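Asks: Residue numbers (the working numbering), protein chains in the order written: chain A, 5 to 248; chain B, 5 to 248.
A virtual CB, placed ideally from N, CA and C, is assigned to each residue, including glycine.
Every value quoted in this text rests on a predicted model; they were computed, and no experiment measured them.
Here's a structure for you.
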DNA sequence: CGTTAGTTTGATGGTCCTCAAGCACTGTGG
DNA sequence: CCACAGTGCTTGAGGACCATCAAACTAACG
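Written as structure tokens, this is what we have:
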């Protein structure tokens, strides 16, 4: 059972359902096939039909789509405890790319194993559906960022969101977190140009709100930043299990 | 069984799993509690904890979030066959609003019924997860629209997407479809101002690509529009059931 | 026939993009 | 030990795209 206890995914799912011993065991089995990938490795190609999903154990990844013009849109970043490629198991073909941003460790899950696990323990299916819903909520908030917030609010909101998500798996505290993203990554995620991201980061730093530098995010004025970005954790919240 | 056969949701889910008689019966049961709402009725309030999900039988709805500045971002439009408020059943509280755009008919589904259905027929859970994944793919494409496409491409892409989705439930053909949206709706969905939407629609009409007027979308040059918008149906596709 | 919601068009300006060039840091090979 | 390249960061100048403000117009409806 320690395997699951130690896994970020187990921790996440337990926030939604109180998992029984049997369900724990089934979840453990999904963690069997451990693999490592180097930074830059593509786990999933747009347009290919896909065999596996992955549970991210350590490192950062990102999912993105590309346009014929060569620009790309990063849809979301994945951190430990997140499931990679769930959608591409269920849909016919992958409609996006997934790439390791750092060296990562994952558990590979075959579609058959996933469906078999659902068949055995429907509550686990509900829990995975919950996790997928939460991911969608993140994507939606991301869309609000791009559609209706100014560049400055957008960057502030995004840095806070990643901080909150990382803190749920013990990878951030209130002062900040290590962050492997370049300004180009931020630009591609937030629908901005890298040049403008740079200017915005400078502004936020000069205003004493947040410092993004040398692979680290430091919240200089957490309260001020939260107020400025209108950051509300409701869409990320998980206070107590919903299903007993 | 005719109930399910006739329901747009049944049609949608059968594209993913070949449903057995038992699964059909469970799905029928979810359609029992039929209700009607008038245009403008709010089915779901941001911040409230939610009791029910709804399966949309007829009419249009939309989900959106609001910002303190008073602006709003429409996340997606729902058409017959779509599930409303699934996320708010699973997450603690609703993080968005859902509103009827036209008079609508829905089947109300209580969370307990949904979980019970999952327990009885895990394949139905997988099918619902598939439907949720597809909805997320739509939201993601929507994000690409806002983040990386010009206003003109964005409007063109959106009109094509709705056409394709509607055609899957028999509410559109290649020449166009009836559409209850105002230019304000388009603006709120696409991250534009209503004034600019108007100018873009005029341009698309003058270029002979598509006409949006008096509650109707008419594709004047479907091929040209698809090319212009770089529209690829991959993310919406459902050619054959994945699970036999 | 007044009211209201939605559409259309014009004028002005701000946000953010693009292009361009210089800087800082890191690792590599001569 | 020092070019040198590569990657990412920084700053400037000019301009495009789209927002905002404002006002007239149309259609529907009581």
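1. At a Cβ threshold of 7 angstroms, is residue 8/B touching chain A?
2. Rounded to whole angstroms, what's the CA-CA distance from residue 15/B to residue 138/B? Just pull it up for me.
3. Taking the beta strand (DSSP E) that residue 182/A falls in, what are its first and last residues?
4. Check whether the Cβ atoms of residue 108/B and residue 41/B sit closer than 7 angstroms, and answer yes or no.
5. Using a C-beta cutoff of 7 angstroms, does residue 77/B count as contacting chain A?
6. Looking at C-alpha atoms only, which residue of 214/A, 233/A and 11/A is the closest neighbour of residue 73/B?
7. Go to residue 47/B, then tell me how far its beta strand (DSSP E) extends in each direction, as first and last residue.
8. So, is the C-beta of residue 15/B closer than 7 angstroms to a C-beta in chain A?
9. Taking the alpha-carbon of residue 164/B as reference, which of 186/B, 181/B and 44/B has the nearest alpha-carbon?
10. For residue 140/B, go through chain A and note every residue whose CB falls closer than 8 angstroms to its CB, in chain order.
11. Grab me the residues of residue 198/B's own chain with a C-beta within less than 6 angstroms of its C-beta, minus the 5 sequence neighbours each way, in chain order.
12. Taking the beta strand (DSSP E) that residue 36/B belongs to, which residues open and close that run?
13. For residue 21/A, which of helix, strand or coil comes out of DSSP?
14. Find the residues of chain A that neighbour residue 123/B, judging by a C-beta separation of less than 7 angstroms, and give them in chain order.
15. For residue 185/A, does the three-state DSSP call read helix, strand or coil?
16. What span of residues does the beta strand (DSSP E) with residue 65/B cover, start to end?
17. Looking at the unbroken beta strand (DSSP E) that takes in residue 200/B, where does it start and where does it end?
18. Between which residues of its own chain and residue 195/B is the CB-CB distance below 6 angstroms, once the five residues before and five after are set aside?
19. Where residue 202/A and residue 221/A are concerned, what is the direct C-alpha to C-alpha distance, given to the nearest angstrom?
20. At least one CB of chain A closer than 7 angstroms to the CB of residue 84/B: is that the case?
21. Ignore the nearest five residues each way along the sequence and tell me which others in residue 89/B's own chain have a CB closer than 8 angstroms to its CB.
22. What residue range does the beta strand (DSSP E) around residue 113/B cover?
23. By a C-beta neighbour count over all protein chains shown, 10 Å radius and 16 as the cutoff for buried, is residue 36/B buried or exposed?
24. At a Cβ threshold of 7 angstroms, is residue 182/A touching chain B?
25. Inspect the beta-carbon positions of residue 30/A and residue 121/A and report whether they are closer than 7 angstroms.
26. Quick one: which residues of the segment 186-202 of chain A get their C-beta closer than 7 angstroms to a C-beta of chain B? List them in chain order.
27. Identify the continuous alpha helix (DSSP H) that holds residue 146/A and give its terminal residues.
28. Comparing the C-beta of residue 68/A with each C-beta of chain B, is any distance below 7 angstroms?
29. Helix or strand or just coil, what does DSSP make of residue 105/A?
30. Between which two residues does the beta strand (DSSP E) carrying residue 222/A extend?
31. Measuring straight from C-alpha to C-alpha, what distance separates residue 28/B and residue 19/B?
32. Going along chain B, which residues have a C-beta under 8 angstroms from residue 102/A?
33. Among the residues of its own chain, which have a CB less than 8 angstroms from the CB of residue 115/A, if the five just before and after it don't count?
34. Can you tell me the Cα-Cα spacing of residue 229/A and residue 134/A, whole angstroms?
35. With burial defined as no fewer than 16 other Cβ atoms inside 10 Å of the residue's Cβ, what is the status of residue 52/B: buried or exposed?
Replies: Put simply:
1. Residue numbering aside, residue 8/B sits at position 4 when the second chain is read from its first letter. Residue placement at residue 8/B is poorly supported in this model, since its pLDDT is 48, which falls under 50; the coordinates are not used for a value here.
2. One-based indexing of the second chain puts residue 15/B at position 11. One-based indexing of the second chain puts residue 138/B at position 134. Taking the Cα positions, residue 15/B is about 14 angstroms away from residue 138/B.
3. Within the first chain, numbered from 1, the residue matching residue 182/A stands at position 178. Segment 180-182, the beta strand (DSSP E) holding residue 182/A.
4. Against the second chain, residue 108/B aligns to sequence position 104. Against the second chain, residue 41/B aligns to sequence position 37. Residue 108/B places its beta carbon less than 7 angstroms from that of residue 41/B.
5. Translated into positions along the second chain, residue 77/B becomes position 73. Closer than 7 angstroms: yes.
6. Counted from its first residue, the second chain places residue 73/B at position 69. 233/A is the residue among 214/A, 233/A and 11/A whose C-alpha sits nearest the C-alpha of residue 73/B.
7. Counting from 1 along the second chain, the entry for residue 47/B is found at position 43. Run containing residue 47/B: 46-48, per the beta strand (DSSP E) assignment.
8. Stepping through the second chain from its first residue, residue 15/B is reached at position 11. With a threshold of 7 angstroms between beta carbons, residue 15/B makes no contact with chain A.
9. Taking the second chain and counting its residues from 1, one reaches residue 164/B at position 160. For residue 164/B, the nearest C-alpha among the options comes from 181/B.
10. Taking the second chain and counting its residues from 1, one reaches residue 140/B at position 136. Going along chain A in sequence order, the residues near residue 140/B (Cβ under 8 angstroms) are 91, 136, 139, 140 and 143.
11. On the second chain, residue 198/B is found 194 positions in, with the first residue counted as 1. Cβ neighbours of residue 198/B within its own chain (closer than 6 angstroms, five residues either side excluded): 187, 188 and 191.
12. For the purposes of this step, residue 36/B is taken as residue 32 along the second chain, with counting starting at 1. Annotation: residue 36/B is outside any beta strand (DSSP E) and is labelled neither H nor E by DSSP.
13. Within the first chain, numbered from 1, the residue matching residue 21/A stands at position 17. Note: residue 21/A maps to strand in three-state DSSP.
14. Here residue 123/B is taken as the residue at index 119 of the second chain, counted from 1. From the beta-carbon of residue 123/B, the residues of chain A found nearer than 7 angstroms are 126.
15. Within the first chain, the letter at position 181 stands for residue 185/A. It is coil, neither helix nor strand.
16. Looking up residue 65/B in the second chain gives position 61. Its beta strand (DSSP E) spans residues 65-70.
17. As a working mapping, residue 200/B is identified with position 196 in the second chain. Per DSSP, residue 200/B lies in no beta strand (DSSP E) segment; the continuous alpha helix (DSSP H) that holds it begins and ends at 198-210.
18. To locate residue 195/B, count along the second chain from 1; it is residue 191. Non-local beta-carbon contacts of residue 195/B in its own chain, meaning distances under 6 angstroms to residues more than five positions away in sequence, involve 150 in chain order.
19. Here residue 202/A refers to the residue found at position 198 of the first chain. Here residue 221/A refers to the residue found at position 217 of the first chain. Approximately 14 angstroms, taken between the alpha carbons.
20. Counting from 1 along the second chain, the entry for residue 84/B is found at position 80. By this cut-off, residue 84/B is not an interface position.
21. Along the second chain, read from residue 1 onward, the residue named residue 89/B stands at position 85. These residues qualify, in order along the chain: 47, 48, 54, 56, 57, 58, 98 and 102.
22. In the second chain, residue 113/B corresponds to position 109, counting from 1. Unbroken beta strand (DSSP E) run through residue 113/B: 108-113.
23. Taking the second chain and counting its residues from 1, one reaches residue 36/B at position 32. Of the residues assessed, residue 36/B falls on the exposed side of the cut-off, its CB having fewer than 16 other CB atoms within 10 angstroms.
24. Here residue 182/A is taken as the residue at index 178 of the first chain, counted from 1. No, its Cβ sits nowhere closer than 7 angstroms to a Cβ of chain B.
25. Here residue 30/A corresponds to residue number 26 of the first chain, with the count starting at 1. Here residue 121/A corresponds to residue number 117 of the first chain, with the count starting at 1. Annotated as proximal: residue 30/A and residue 121/A, with beta-carbon spacing under 7 angstroms.
26. For the segment 186-202 of chain A, which is checked against every Cβ of chain B, the residues closer than 7 angstroms are 195.
27. Within the first chain, residue 146/A is the residue found at index 142, counting from 1. Counting along the chain, the alpha helix (DSSP H) containing residue 146/A begins and ends at 126-152.
28. Position 64 of the first chain holds residue 68/A. Cβ-Cβ to chain B under 7 angstroms: no for residue 68/A.
29. As a position in the first chain, residue 105/A is number 101, starting the count at 1. Note: residue 105/A maps to coil in three-state DSSP.
30. Residue mapping note: residue 222/A aligns to position 218 of the first chain, counting from 1. From DSSP, the beta strand (DSSP E) with residue 222/A extends over 220-223.
31. Taking the first residue of the second chain as 1, we reach residue 28/B at position 24. Taking the first residue of the second chain as 1, we reach residue 19/B at position 15. The straight-line gap from Cα to Cα measures roughly 13 angstroms.
32. Numbered from its first residue, the first chain carries residue 102/A at position 98. For residue 102/A, no chain B residue has a C-beta closer than 8 angstroms to its own C-beta; the minimum C-beta separation is roughly 13 angstroms.
33. Taking the first chain and counting its residues from 1, the one referred to as residue 115/A is at position 111. Excluding residues within five positions, the ones whose Cβ falls inside 8 angstroms are 55, 56, 57 and 93.
34. By 1-based counting over the first chain, the position of residue 229/A is 225. By 1-based counting over the first chain, the position of residue 134/A is 130. Roughly 29 angstroms separates the two Cα atoms.
35. Counting from 1 along the second chain, the entry for residue 52/B is found at position 48. It counts as exposed.
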